[in-house]
Each structure stands twice: as structure tokens, then as C-alpha cells.
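Notes to accompany the following structure.
2 protein chains.
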Amino acid sequence: MSLNPSINPHVSTDCVIFGFSQDTLRLLLIRRSIPNRLTDVNDIHYALPGDLVRDDEDLDKAANRVLSELTGLKGIYLEQFHSFGDPLRVTKPKDRSWLESVRQNPDARVITVAYMALIDANKAVLQPGSFSKEAVWLPISEVPELAFDHNEIFENALKALKEKVQIQPIGFELLPEKFTMSQLQSLYETILERDLDKRNFRRKMLNSGVLIPLSEKQLGVSNKPARFYSFNRDLFENSDNRYLNLRMDGSFSLFG
Amino acid sequence: MSLNPSINPHVSTDCVIFGFSQDTLRLLLIRRSIPNRLTDVNDIHYALPGDLVRDDEDLDKAANRVLSELTGLKGIYLEQFHSFGDPLRVTKPKDRSWLESVRQNPDARVITVAYMALIDANKAVLQPGSFSKEAVWLPISEVPELAFDHNEIFENALKALKEKVQIQPIGFELLPEKFTMSQLQSLYETILERDLDKRNFRRKMLNSGVLIPLSEKQLGVSNKPARFYSFNRDLFENSDNRYLNLRMDGSFSLFG
DNA sequence: TTTAATAAGTGTTTTTTTGACACTAATTAA
DNA sequence: TTAATTAGTGTCAAAAAAACACTTATTAAA
Numbered sequence: 009m010s011l012n013p014s015i016n017p018h019v020s021t022d023c024v025i026f027g028f029s030q031d032t033l034r035l036l037l038i039r040r041s042i043p044n045r046l047t048d049v050n051d052i053h054y055a056l057p058g059d060l061v062r063d064d065e066d067l068d069k070a071a072n073r074v075l076s077e078l079t080g081l082k083g084i085y086l087e088q089f090h091s092f093g094d095p096l097r098v099t100k101p102k103d104r105s106w107l108e109s110v111r112q113n114p115d116a117r118v119i120t121v122a123y124m125a126l127i128d129a130n131k132a133v134l135q136p137g138s139f140s141k142e143a144v145w146l147p148i149s150e151v152p153e154l155a156f157d158h159n160e161i162f163e164n165a166l167k168a169l170k171e172k173v174q175i176q177p178i179g180f181e182l183l184p185e186k187f188t189m190s191q192l193q194s195l196y197e198t199i200l201e202r203d204l205d206k207r208n209f210r211r212k213m214l215n216s217g218v219l220i221p222l223s224e225k226q227l228g229v230s231n232k233p234a235r236f237y238s239f240n241r242d243l244f245e246n247s248d249n250r251y252l253n254l255r256m257d258g259s260f261s262l263f264g
Numbered sequence: 009m010s011l012n013p014s015i016n017p018h019v020s021t022d023c024v025i026f027g028f029s030q031d032t033l034r035l036l037l038i039r040r041s042i043p044n045r046l047t048d049v050n051d052i053h054y055a056l057p058g059d060l061v062r063d064d065e066d067l068d069k070a071a072n073r074v075l076s077e078l079t080g081l082k083g084i085y086l087e088q089f090h091s092f093g094d095p096l097r098v099t100k101p102k103d104r105s106w107l108e109s110v111r112q113n114p115d116a117r118v119i120t121v122a123y124m125a126l127i128d129a130n131k132a133v134l135q136p137g138s139f140s141k142e143a144v145w146l147p148i149s150e151v152p153e154l155a156f157d158h159n160e161i162f163e164n165a166l167k168a169l170k171e172k173v174q175i176q177p178i179g180f181e182l183l184p185e186k187f188t189m190s191q192l193q194s195l196y197e198t199i200l201e202r203d204l205d206k207r208n209f210r211r212k213m214l215n216s217g218v219l220i221p222l223s224e225k226q227l228g229v230s231n232k233p234a235r236f237y238s239f240n241r242d243l244f245e246n247s248d249n250r251y252l253n254l255r256m257d258g259s260f261s262l263f264g
């Protein structure tokens with residue numbers, strides 16, 4: 009069995025963290041440099057932040073701990089979206105050396121509980137991970153080959169995100185505290201991968217009641233300064249989770 | 009470790025099977041009679057159909073195997089909806105004797121991957137399980153205290169079902185091959201726990217294209233006989249799954 | 001054989017939501 | 001002063017949703 013009795017060698021958690029910055033949706037990945045015995049140069053590997061769950065640890069807490077340990081991100085609302093359990097999901101030869109370097113029991117069959125989150129990539133301060141590992145943001149259009157079945161997990165998360173955004177107001181964690189209507193629209197356009205009508209978008213967002221118009225305006229831009237808005241978080245205080253199951257009044261729907 | 013090396017003592021799967029019969033939404037449960045040393049009568053315990061996953065087995069397949077072994081139901085489309093991982097979820101004293109009777113390693117921390125399905129309770133043929141166990145349908149309003157955290161799992165499934173029904177045409181597995189519009193409406197009203205307007209319901213359902221009107225009508229009822237309908241299954245043949253992600257044309261939505 | 005009871009079936013109108021569409025306003029840089 | 005840039009605004013038409021009440025076909029009972 010495991011050399012470390014507090015670690016459960018059969019259950020892991022992986023985090024798909026989406027971040028929005030510079031009008032681009034990005035994915036948070038762990039990059040590792042691994043010496044290649046053959047070529048004498050370092051191979052670069054990417055993976056989702058993820059690790060084994062402790063035996064006495066709740067899944068949600070495990071996901072937060074793992075994310076925090078690997079990237080420095082703390083207190084992020086993570087939403088579980090799927091568990092992946094292909095018995096061969098970690099056994100591909102390409103993943104073997106990595107697996108051996110991070111697992112005490114590299115042959116264990118491990119299922120992973122996947123979480124996702126949406127955060128403001130600009131506000132997130134990434135801590136350097138342990139040696140030879142670092143956390144990096146990559147645009148979702150440039151996600152490389154990832155370890156294990158992480159590409160599949162990422163694709164699933166992206167699909168779930170696109171569906172979610174259709175029926176719930178999102179963006180709470182995705183934008184700065186104060187943001188302009190254009191930033192918000194740009195976020196939706198990025199996630200949905202299509203253009204939206206400016207006037208219709210504004211009308212719908214304002215009618216939904218999730219936005220609070222602030223008196224403050226942009227400064228120092230060489231065009232008409234935009235008004236800032238913030239999210240009306242009070243609306244969601246009483247709900248168990250923050251962006252799922254939040255249809256405002258049972259009938260909220262964006263861009264059906 | 010496990011005495012049976014092919015069983016993973018840390019991962020289980022539980023199935024929340026909803027069935028619809030006699031205008032009532034029902035839950036499929038396993039009932040066990042366990043001798044009580046103190047009272048000399050049998051205690052009756054209920055639980056969701058569930059068991060440990062094999063070490064070389066895909067999660068989806070495991071859920072189907074477990075369901076089939078415990079209830080006789082085969083080939084049912086099961087949809088994963090959440091994993092539950094409270095470290096104390098199986099450790100309550102009330103569950104101890106049961107746990108010891110079904111687990112080789114009753115102290116293992118076990119996370120469970122929960123699946124749900126909707127089927128026609130009348131069509132489902134329940135096989136008697138192994139000795140002292142049987143599968144029974146109970147109306148969801150009469151679900152008793154269940155083993156482990158199964159009440160929580162059930163509540164979660166019900167909530168997920170209510171959300172799902174809002175955006176997708178469901179009922180494929182929930183009603184007989186031929187059904188009347190009233191039966192279908194009754195199903196929706198049961199799941200949503202609210203009344204729907206008859207005319208608006210019929211219009212929406214017919215416009216959606218998911219129903220095929222049959223020429224056959226009810227016989228032997230002491231009122232105007234209702235027309236039968238069947239589902240247009242062809243619409244869904246090409247989709248990976250049968251009632252999720254099926255917004256008909258990207259914008260299908262019932263009773264928003 | 002008539003009547004009562006029951007659930008099925010049927011349209012219209014109003015209200016709400018959506019989608020398409022083009023110009024003016026405020027600011028800075030040149 | 002002018003040019004460039006992005007913010008901000010309203011209307012109309014089409015589609016979807018919601019509200020609403022009477023007639024019809026059948027059996028059971030009188």
C-alpha cells in the first residue's frame with residue numbers, strides 16, 4: 009500500500025481553472041521541466057493542477073488544498089463537474105516518468121474528481137511551486153498536449169462552462185471588482201465564441217438585476233470613459249453555490 | 009488491503025434510479041432485512057443500489073454492473089451527476105453492521121460516484137437480489153432514512169433532475185412506449201412540483217417535434233379517450249447521451 | 001334511453017422577450 | 001482643431017410565453 013498512510017492512492021482531484029485577462033480566456037497549467045536522459049535537454053510537460061486526496065479529507069477541501077499547494081491560489085470557489093475513471097487513464101507510456109516522480113504507488117488505479125473555477129487572472133497571484141514546477145496561464149486556444157487524460161478533462165470543463173454561461177449570470181470571479189460593460193460583454197463573447205449585440209447585451213444584463221451601476225468612470229482612456237459596474241453579490245448569498253443553480257427567479261436565461 | 013485484489017476498496021458507485029408509475033415519481037431502493045440481536049426481530053434497512061468499483065473497471069460500466077447485480081436492471085442509460093467524498097460518510101454507527109456485512113474492509117475511506125437515471129417503472133423488471141435483499145420502488149415523498157449519506161445523494165439527484173427537466177425534453181425512459189399527453193404532463197408536474205397549463209403544455213410539446221402522434225387511442229375509459237403519442241427517438245440517436253445536452257436546436261427550453 | 005360524470009381536446013389575445021439595426025457623445029492624441 | 005476611438009443610446013418587428021373557458025367523447029348510473 010501507500011507509504012504515506014494519510015494519502016489515498018486511488019483518488020485524486022484535478023482543477024480546471026479558467027482565467028480571463030487581456031480579453032482572452034486562459035487555462036491554468038503546471039509546467040515541469042524534466043531532464044531527458046536521451047536528448048540531454050529538458051522536456052517540458054504540462055498538466056492540470058491536481059494530486060491525490062488525503063484519506064481523511066473532504067473532496068472539496070482536497071481540491072482547494074491541491075490547488076493552493078501547486079499554484080498558490082487560495083480561497084477559490086471550485087465547483088465539481090465530473091469524475092473520470094477510465095482504468096487506463098494514467099497508464100500511458102508517455103506519462104510514466106512523470107507518474108513515477110510524483111507517486112509513491114505509480115501502478116495504482118486512480119480515479120479523479122475534477123473541479124472547475126472561473127477567476128480573474130489578473131488578480132490571481134501565482135506562487136512559484138516547488139522546484140522545477142511552475143504555474144502558468146495559457147490561452148485556451150494554445151493548450152498543448154497535457155499529461156494523462158487532462159486534455160479530455162479540460163475539453164469537458166470547457167463544454168460545461170459554455171452550457172453554464174447560457175443559463176446563469178457568471179463572471180463573479182472572472183472580472184475585477186469594478187468592470188465595464190464592454191469587459192463583461194467581451195468575457196461572454198470569449199466563452200461563447202461568438203459576437204453579441206452591444207445594445208441587446210446591455211439591456212439584458214441590466215434588466216437581470218445582477219449588476220450594480222457605479223458612479224465611477226474610467227480614467228485616462230483616449231475615448232469616452234466607460235461606466236463601472238459591480239456584481240450584486242447579495243442576490244446570491246443565500247445559495248449554496250455561486251454560479252450554478254442560480255437562475256434568478258426560475259427563469260433567467262441568457263442568449264438562449 | 010482488500011482480500012479481493014480486483015476490488016478497489018476506496019471507490020464505489022451509487023445509482024439514483026427514478027421511475028414513474030401511477031402518476032408518481034418513485035425511487036428504486038434496496039431493502040435488506042437484518043436480524044437484530046437485541047430485539048430478536050429483523051430490522052429493515054434501505055439504501056441506494058451501490059457497491060465498490062473493480063480495479064480494472066470503468067466507472068460508467070461499474071455503475072451498470074452494480075445496478076444490474078442488485079436489481080436486475082440492465083442496459084439503462086446512467087448519467088453521472090456528482091461524487092461524494094465526505095471522509096465520514098460511511099462511518100456512522102447506524103451503518104456499521106451493514107457495512108461489515110458487505111465490505112471486506114469496512115474501515116476504508118470510500119468516495120462514491122453517483123449516477124442517476126429515469127426509467128419507466130412499469131416496464132422495469134426487478135429481479136430478486138441475493139438472499140435477504142430485494143429491490144423496491146418507493147414514492148419519492150416516502151423515502152425513509154437511508155444508509156450512509158444516501159439521503160443526501162438522493163436529494164442532490166432530485167435537484168439535478170428538476171433543473172434538467174427545465175431545459176431538456178425528458179421522459180424517454182420514464183413513460184411507456186405509448187403514452188397520453190396527460191400522462192406526460194403529469195410527469196412534468198410531478199417532477200417540477202407545480203401545475204402547468206394544459207393548452208400551453210400541449211402546444212409546446214407538439215411544436216418541439218419530440219412527439220409522434222399515433223392513431224391509436226385509449227380504450228375502456230369512461231371519458232373521452234385520449235390519443236397516444238410516442239417519443240421521436242430518432243432525434244437523439246446521434247447524440248452521445250440521451251437526455252443531457254440535448255437542447256434541440258441550441259435553444260430548446262421548457263417552461264422557463 | 002337519458003343523464004351525469006369525467007377527462008380530452010381545442011384558439012385567441014395579451015404580454016414579454018428577443019433580435020436587428022445606426023447614430024451621437026466623450027475623451028485623448030496628433 | 002481635427003482625427004481616432006470606444007461608450008452609450010431607442011425603436012420596431014418577430015417570436016415566445018402566459019392567461020384564459022368551452023365543447024367533445026366516452027362510460028356509468030339512473
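Protein sequences, first through last, are from chains C and P. Those letters in the first sequence? Residues 9 to 264, by the numbering used here. Those letters in the second sequence? Residues 9 to 264, by the numbering used here. Backbone N, C-alpha and C define an ideal beta-carbon position, used for all residues, glycine too.
Give the residues of chain P in contact with residue i, contact being defined as C-beta atoms less than 8 Å apart.
| i | result |
| --- | --- |
| Arg-117 (chain C) | Asn-16, Asp-63, Asp-64 |
Which chain C residues sit within Cβ distance under 9 Å of residue i?
| i | result |
| --- | --- |
| Asp-103 (chain P) | Simply none; closest approach about 18 Å. |
Nearest chain C C-beta to residue i closer than 7 Å, yes or no?
| i | result |
| --- | --- |
| Pro-95 (chain P) | yes |
Whose Cβ in chain P lies nearer than 7 Å to the Cβ of residue i?
| i | result |
| --- | --- |
| Ser-91 (chain C) | Leu-67, Gln-88, Ser-91, Val-121 |
Could you pull out every residue in the same chain whose Cβ sits closer than 7 Å to the Cβ of residue i, ignoring the five residues on either side in sequence?
| i | result |
| --- | --- |
| Leu-36 (chain P) | Ile-25, Gly-27, Pro-57, Thr-79, Ala-143, Trp-145 |
| Pro-43 (chain P) | Asn-50 |
| Ser-14 (chain P) | Arg-62, Asp-63, Asp-64 |
| Phe-129 (chain C) | Per the sequence presented here, residue 129 (chain C) reads as Ala, with Phe not at that position. Answer for Ala-129 (chain C): Gly-27, Phe-28, Ser-29, Arg-34, Trp-145, listed in chain order. |
| Asp-103 (chain P) | Ala-155, Phe-156 |
| Lys-82 (chain P) | Ser-76 |
For residue i, which residues of its own chain have a beta-carbon under 8 Å away from its beta-carbon, when the five flanking residues on both sides are left out?
| i | result |
| --- | --- |
| Asn-16 (chain C) | Ser-10, Leu-60, Val-61, Arg-62, Asp-63 |
| Glu-150 (chain P) | none |
| Val-118 (chain P) | Pro-17, His-18, Val-19, Ser-20, Leu-60, Arg-97, Val-98 |
| Asn-234 (chain P) | Residue identity check: residue 234 (chain P) is Ala in the sequence provided, not Asn. For Ala-234 (chain P), where only same-chain residues beyond five positions count, the Cβ hits under 8 Å are Thr-188, Met-189, Ser-190, Lys-225, Gln-226. |
| Lys-186 (chain C) | Leu-222, Glu-224, Phe-236, Tyr-237, Ser-238 |
| Ile-161 (chain P) | Asp-22, Val-24, Leu-56, His-90, Phe-92, Thr-120, Ala-122 |
Does DSSP put residue i in a helix, in a strand, or in coil?
| i | result |
| --- | --- |
| Ala-168 (chain C) | helix |
| Ser-14 (chain C) | coil |
| Asp-68 (chain C) | helix |
| Glu-87 (chain P) | strand |
| Leu-214 (chain P) | helix |
| Lys-82 (chain P) | coil |
| Arg-73 (chain C) | helix |
| Lys-206 (chain P) | helix |
| Asp-115 (chain C) | coil |
| Asp-51 (chain P) | strand |
| Lys-186 (chain P) | coil |
| Asp-63 (chain P) | coil |
| Asp-31 (chain C) | coil |
| Asp-157 (chain C) | coil |
| Pro-101 (chain P) | helix |
| Glu-201 (chain C) | coil |
| Pro-45 (chain C) | At residue 45 (chain C) the sequence reads Arg, which differs from the Pro that was named. Correct three-state label for Arg-45 (chain C): coil. |
| Leu-192 (chain C) | helix |
Give every residue of the same chain whose Cβ lies closer than 6 Å to the Cβ of residue i, excluding the five residues on either side of it in the sequence, and list them in chain order.
| i | result |
| --- | --- |
| Met-213 (chain C) | Leu-219 |
| Leu-134 (chain P) | Thr-79, Gly-80, Ala-143 |
| Ile-148 (chain C) | Leu-33, Leu-35 |
Check whether the Cβ of residue i lies closer than 7 Å to any Cβ atom in chain P.
| i | result |
| --- | --- |
| Ser-247 (chain C) | Bear in mind that the predicted position of Ser-247 (chain C) carries a pLDDT of just 43, short of 50, making it unreliable; the figure below should be weighed with that in mind. No - not a single Cβ of chain P is within 7 Å of the one on Ser-247 (chain C). |
Query raised in the report: Quick one, which residues of the stretch 51-81 of chain P are near chain C if we go by CB-CB under 9 Å, in chain order?
Result: Of all residues in the stretch 51-81 of chain P, Val-61, Arg-62, Asp-63, Asp-64, Glu-65, Asp-66, Leu-67, Asp-68, Ala-70 have a Cβ within less than 9 Å of some Cβ in chain C.
Query - Members of the stretch 210-232 of chain P near chain C, C-beta cut-off 8 Å - result: none
Query - Members of the stretch 14-47 of chain P near chain C, C-beta cut-off 7 Å - result: Asn-16, His-18, Val-19
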